[in-house]
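Structure, as structure tokens:
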Ligand code: NAD
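Next up, the structure:
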């Protein structure tokens with residue numbers, strides 16, 4: 002069994018991003034990412050702080066907008082408009098979840114697709130589904146990067162994606178399909194999940210339930226990617242995979258922490274550089 006070391010792949014990606022950012026700066030383009038945080042959600046504050054730190058480390062200008070919980074939808078839309086029009090801004094990210102009085106889809110659709118480095122805008126979703134170049138959500142993109150780094154070719158492989166969220170499951174399925182895998186997307190209403198998993202060469206678990214994928218659901222030699230991040234009552238951080246029992250059956254597996262997690266921010270930076278390169282070409 003080989004551990005897929007997302008921390009190492011993330012460090013390598015960030016190094017590449019930093020070099021590309023320096024090259025862009027030398028040609029007069031300073032890559033910039035604007036992050037908007039509305040409200041006081043503790044987890045969101047931590048994520049946003051990590052994004053800011055990663056930008057600094059990789060020579061990307063970070064523009065932070067911390068807005069109060071009672072910010073209105075129109076005020077948020079007005080800020081997005083300003084950032085859309087600002088040619089010095091390459092990426093715009095609105096940290097989710099937003100307060101309940103704000104319509105999330107309306108906000109995500111207001112971000113200019115060419116600056117949508119999270120890949121959530123319908124134009125980018127459509128491009129991914131059509132196999133066209135656009136921005137791809139960072140977590141599934143990071144998973145493809147790990148597989149590439151370990152020279153794992155998914156062509157012709159049976160892939161089971163567990164979970165159908167817009168940020169992980171659905172884009173993951175499309176990326177795998179675009180890379181010629183045979184994909185089954187499963188979810189909470191799927192009836193024969195165990196059977197589908199046992200027939201899969203690769204399983205991507207994105208459910209949000211600790212220890213969900215157990216050894217009896219995994220065939221010998223399978224590749225298992227664990228997207229889950231779950232905090233147990235005793236404070237431990239675990240994935241969706243029962244790692245101790247599943248790992249011995251796998252050819253490759255991602256640990257939690259240190260697997261998929263570190264890739265998400267790295268790919269956000271990579272998407273920002275991609276946007277800055279588009280600016281340089283324009
Ligand atoms: P979500 O809650 O939006 O979606 C969960 C999915 O799991 C749903 O599609 C649901 O149908 C499916 N599901 C629930 N119960 C099921 C069951 N019994 N059988 C089969 N499918 C079932 O979650 P999400 O946003 O996609 O996140 C999933 C997990 O990944 C969470 O633990 C989250 O914290 C984690 N996550 C990690 C990263 C990262 O950077 N590593 C990024 C995003 C999400």
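Numbering (our numbering), first residue to last: 2 to 283. Virtual Cβ for every residue (Gly too), placed ideally from N, Cα, C.
How far does the beta strand (DSSP E) with residue i in it reach, from first residue to last?
i: residue 142; result: Where residue 142 is concerned, there is no enclosing beta strand (DSSP E), although the alpha helix (DSSP H) it sits in stretches over 139 to 150.
i: residue 103; result: Unbroken run through residue 103: none, as it is neither H nor E.
i: residue 264; result: Here residue 264 belongs to no beta strand (DSSP E); instead the alpha helix (DSSP H) covers 262 to 282.
At which residues does the alpha helix (DSSP H) containing residue i begin and terminate?
i: residue 45; result: 43 to 58
i: residue 246; result: 244 to 247
i: residue 8; result: 7 to 27
To the nearest angstrom, how far is it from the Cα of residue i to the Cα of residue j?
i: residue 90; j: residue 32; result: 7 Å
i: residue 16; j: residue 5; result: 19 Å
i: residue 80; j: residue 244; result: 44 Å
i: residue 221; j: residue 26; result: 49 Å
i: residue 68; j: residue 46; result: 12 Å
i: residue 265; j: residue 142; result: 8 Å
i: residue 168; j: residue 238; result: 21 Å
i: residue 152; j: residue 280; result: 31 Å
i: residue 124; j: residue 235; result: 42 Å
i: residue 64; j: residue 84; result: 10 Å
i: residue 102; j: residue 109; result: 15 Å
i: residue 30; j: residue 268; result: 20 Å
i: residue 140; j: residue 99; result: 19 Å
i: residue 66; j: residue 242; result: 36 Å
i: residue 107; j: residue 185; result: 30 Å
i: residue 188; j: residue 160; result: 14 Å
i: residue 128; j: residue 218; result: 33 Å
i: residue 130; j: residue 120; result: 12 Å
i: residue 37; j: residue 78; result: 11 Å
List the residues that DSSP assigns as beta-bridge partners of residue i.
i: residue 92; result: 34
i: residue 66; result: 37
i: residue 133; result: According to DSSP, residue 133 bridges with nothing at all.
i: residue 80; result: DSSP lists no partner for residue 80.
i: residue 4; result: 254
Would the C-beta of residue i count as close to the ligand SAM, meaning under 6 Å from any of its heavy atoms?
i: residue 207; result: For the ligand SAM, the structure offers nothing, since it holds only the ligand NAD.
| Sequence ranges, alpha helix (DSSP H) only - wholly within the stretch 159 to 239, length at least 4 | 170 to 179 and 194 to 199
| query | At a cut of 8 Å, does the stretch 47 to 58 reach the stretch 70 to 77 through at least three beta carbon pairs? | reply | Two segments are said to touch when three or more pairs of C-beta atoms, one from each, lie closer than 8 Å; by this definition the stretch 47 to 58 does not touch the stretch 70 to 77.
| query | Using 8 Å as the threshold, is the stretch 93 to 102 in touch with the stretch 129 to 141, meaning 3 or more CB pairs across them? | reply | Taking 8 Å as the limit for Cβ pairs, the verdict is that the stretch 129 to 141 does not touch the stretch 93 to 102.
| task | Evaluate the contact criterion for the stretch 188 to 195 versus the stretch 171 to 179: three or more CB pairs, one atom per stretch, below 8 Å. | result | no
| said: Counting beta carbon pairs with one atom in the stretch 206 to 219 and one in the stretch 175 to 186, are three or more of them shorter than 8 Å? | reply: no
| request: Report yes or no: do three or more beta-carbon pairs, one from the stretch 222 to 230 and one from the stretch 254 to 262, lie closer than 8 Å? | output: Yes: the two stretches touch, three or more of their Cβ pairs being nearer than 8 Å.
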